[in-house]
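**Student:**
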Amino acid sequence: MVCSIAGVMAAIGDRWGLLILRDLIFGLSRYDDFRQSSGVTNATLSDRLKHLEANGLIERRRYQVNPERFEYFLTDKGRQIAPVMLMLSQIGDRWQVSGASAPPLKFVNLKTGGDVSWCLIDQKTGERLGRQDLGIKEGPGADDLVRWRLSHAARRREERELDDASSREAARRPSRRRSSAST
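For what it's worth, my numbering labels the leading residue of the sequence shown as 1, then goes sequentially.
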């Protein structure tokens, strides 16, 4: 399947993979740290670390010989996930899903200490965009399935817009009962 999003998700694996990457971004690096941070089982953690390493997101380095123990570090590829973590954190704060009364994390500019937020910027104009300004179109690597998804979604949007317009028009028209009752 030609889909960058699906490819990234396959490389991450699942929620445990994402939580391990979160912990690595925070600075944790050892097996026991990951276990304590997320509550993941040994079998799952071992499997996800191997998966992330096989997909080039992390690398392991031995820090002890007897018994043999490793630390894990993000690769350049793995570090590219950090902005996604910021975005997920901001969404989680808006949804209030952390269980805390206020946001549990703040991403900050290391130079200024100022809070950092994720936003969309138009690459032509440099303008900041809102969600309502964001559209999706096929890129140069699009295949037939990508084109189908986009055209099918566009048809569905058009159908919904027509349905919404019809509903608004019907709501504006006086009902026959009201007009006959008033005569």
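Ideal Cβ positions, reconstructed from N, Cα and C, are used throughout, including at glycine. Note that the structure is predicted; figures quoted are calculated from it, not measured.
Thinking C-beta only, is VAL108 closer than 7 Å to VAL97?
**Tutor:** Locating residue 97 in the sequence shown gives position 97, where the first residue counts as 1. Locating residue 108 in the sequence shown gives position 108, where the first residue counts as 1. Contact: no.
**Student:** Given this structure, state the Cα-to-Cα distance separating TRP118 from GLY7, to the nearest angstrom.
**Tutor:** Counted from its first residue, the sequence shown places residue 118 at position 118. Counted from its first residue, the sequence shown places residue 7 at position 7. Approximately 22 Å, taken between the alpha carbons.
**Student:** What's the gap between the Cα of PRO174 and the Cα of GLU158?
**Tutor:** As a first step, residue 174 must be located in the sequence shown, where it is residue number 174. As a first step, residue 158 must be located in the sequence shown, where it is residue number 158. Near 26 Å, if we compare the C-alpha coordinates of GLU158 and PRO174.
**Student:** Is the beta carbon of GLU59 closer than 7 Å to that of THR75?
**Tutor:** Here residue 75 refers to the residue found at position 75 when the sequence shown is read from its first residue. Here residue 59 refers to the residue found at position 59 when the sequence shown is read from its first residue. Yes, the pair counts as a contact, with Cβ atoms nearer than the cut-off.
**Student:** Could you check which residue in ARG30, ILE25, LYS111 and ALA142 has the C-alpha nearest to that of ASN71?
**Tutor:** Here residue 71 is taken as the residue at index 71 of the sequence shown, counted from 1. The sequence given here places Glu at residue 71; Asn does not occur at that position. Measuring from the Cα of GLU71, the nearest candidate turns out to be ARG30.
**Student:** At what residue ranges does the region 2-64 contain a whole run of the beta strand (DSSP E), taking only runs of 3 or more?
**Tutor:** Segments of the beta strand (DSSP E) lying fully in the region 2-64: 58-64.
**Student:** What do you get for PHE73, buried or exposed, if any count of 16 or more other CB atoms within 10 angstroms of its CB means buried?
**Tutor:** Position 73 of the sequence shown, counting from 1, holds the residue named residue 73. Label assigned to PHE73: exposed.
**Student:** Quick check on VAL108: does DSSP put it in helix, strand or coil?
**Tutor:** By one-based count along the sequence shown, residue 108 stands at place 108. The answer is strand: DSSP assigns VAL108 an E or B state.
**Student:** Taking DSSP's pairing of strands, which residues face ARG69 in a bridge?
**Tutor:** Counting from 1 along the sequence shown, the entry for residue 69 is found at position 69. The partner list for ARG69 (beta bridge, DSSP) reads GLN64.
**Student:** With the cut-off set at 7 Å, would you say ARG129 and LEU120 are in Cβ contact?
**Tutor:** The residue given as residue 129 occupies position 129 in the sequence shown. The residue given as residue 120 occupies position 120 in the sequence shown. First, the residue type needs correcting, since residue 129 is Leu and not Arg in the sequence shown. Their beta carbons are under 7 Å apart, which means LEU129 touches LEU120 by this criterion.
**Student:** Here's the rule: buried if 16 or more other CB atoms are within 10 angstroms of the residue's CB, otherwise exposed. What is PHE26?
**Tutor:** For the purposes of this step, residue 26 is identified with residue 26 of the sequence shown, where counting begins at 1. Under this definition PHE26 is an exposed residue.
**Student:** Are the beta-carbon atoms belonging to ASN55 and ALA11 less than 7 Å from one another?
**Tutor:** Within the sequence shown, the letter at position 55 stands for residue 55. Within the sequence shown, the letter at position 11 stands for residue 11. Yes, the Cβ-Cβ distance between ASN55 and ALA11 is below 7 Å.
**Student:** Give me the Cα-Cα distance between ARG131 and ARG149, rounded to the nearest whole angstrom.
**Tutor:** The residue given as residue 131 occupies position 131 in the sequence shown. The residue given as residue 149 occupies position 149 in the sequence shown. Going from the Cα of ARG131 to the Cα of ARG149 covers about 20 Å.
**Student:** Considering Cα atoms alone, identify which of ASP144, GLN123 and PRO140 is closest to LEU134.
**Tutor:** Locating residue 134 in the sequence shown gives position 134, counting from the first residue. The candidate whose alpha carbon is nearest that of LEU134 is GLN123.
**Student:** Between which two residues does the alpha helix (DSSP H) containing GLN90 stretch?
**Tutor:** In the sequence shown, residue 90 corresponds to position 90, counting from 1. 82-95 is the span of the alpha helix (DSSP H), which, as asked, contains GLN90.
**Student:** Thinking C-beta only, is MET85 closer than 7 Å to ARG22?
**Tutor:** In the sequence shown, counting from the first residue as 1, residue 22 sits at position 22. In the sequence shown, counting from the first residue as 1, residue 85 sits at position 85. Their beta carbons are under 7 Å apart, which means ARG22 touches MET85 by this criterion.
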